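Participant:
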Amino acid sequence: MPHGLYVDAEENIWLTDVGMHQVFKYSKGERLLTLGESFVAGDDSSHFCKPTDVVTSNDGSHIYVADGYCNDRIVKFDSKGNFVKEYSMPEREKSLNIPHSIVIIETLDLICVADRENGRIVCFDDGNDL
């Protein structure tokens, strides 16, 4: 089930699929990259559980995935799909609850997340945890 859609600076199309628990990168109809394992949900560095959105840094060096419906986290990868970091909020009252959309504001070094079930937008410095 296609869910999140993003077009990067090089006009590659990125797609999250909540049914397959995967993220895909396409160019001119050709699949260039797949993140996650088909139909296998998980919460480690190589699996998602219903990822909601995907964006890249302006230069394409990093990929950010909102892994929202089950894992309530943001996962960062390098351009080749290698895990870099996971952002989560350990304190229950501050935790994300279905991070649904994500935006990168590189001029401010910020990642902003639409935290759907908490009814708020959370922004944090890319170098820090939430």
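Going from the sequence shown to our numbering is simple: count from 1 and add 38.
Glycine included, each C-beta is placed from N, C-alpha and C at the ideal position.
Since we're looking at a predicted model, the values are computed, not measured.
Is L134 helix, strand or coil when you go by DSSP?
Facilitator: coil
Participant: Between D91 and S133, which are expected to be in contact by the criterion C-beta below 8 Å, what is the C-beta distance as a whole number of angstroms?
Facilitator: The C-beta distance from D91 to S133 rounds to 18 Å, too long to meet the 8 Å contact threshold.
Participant: Once DSSP output is grouped into helix, strand and coil, what is the label at E155?
Facilitator: helix
Participant: Just how far apart, CA to CA, sit Y125 and R111?
Facilitator: 6 Å
Participant: Starting from the C-beta of V78, find all residues in its chain whose C-beta is less than 8 Å away, skip the five residues before and the five after it, and write them out in chain order.
Facilitator: H59, H85
Participant: My output table needs one value for T90: the three-state DSSP class, helix, strand or coil.
Facilitator: coil
Participant: Extract the residue ranges of the beta strand (DSSP E) inside the segment 49-85, only unbroken runs of 3 or more that lie entirely within it.
Facilitator: If one requires a minimum length of 3 residues, the beta strand (DSSP E) runs lying completely within the segment 49-85 are 51-55, 60-65, 68-73, in chain order.
Participant: Given that a residue counts as buried once 16 or more other Cβ atoms are within 10 Å of its Cβ, and exposed if not, what is D82?
Facilitator: exposed
Participant: Considering only residues of the same chain and omitting the five flanking positions on each side of I142, which have a CB-CB separation below 7 Å?
Facilitator: V93, S95, Y102, I149
Participant: Whose C-beta lies closer than 6 Å to the C-beta of P89 among residues of the same chain, with five residues either side of it excluded?
Facilitator: T54, V61, V103, D105
Participant: Within the continuous beta strand (DSSP E) that includes D116, where are the two ends?
Facilitator: 111-116
Participant: Might you give, ordered along the chain, the residues of its own chain that have their beta carbon closer than 6 Å to the beta carbon of G57, omitting 5 neighbours on each side?
Facilitator: M39
Participant: Could you spell out the range, first to last residue, of the beta strand (DSSP E) harbouring E124?
Facilitator: 121-125
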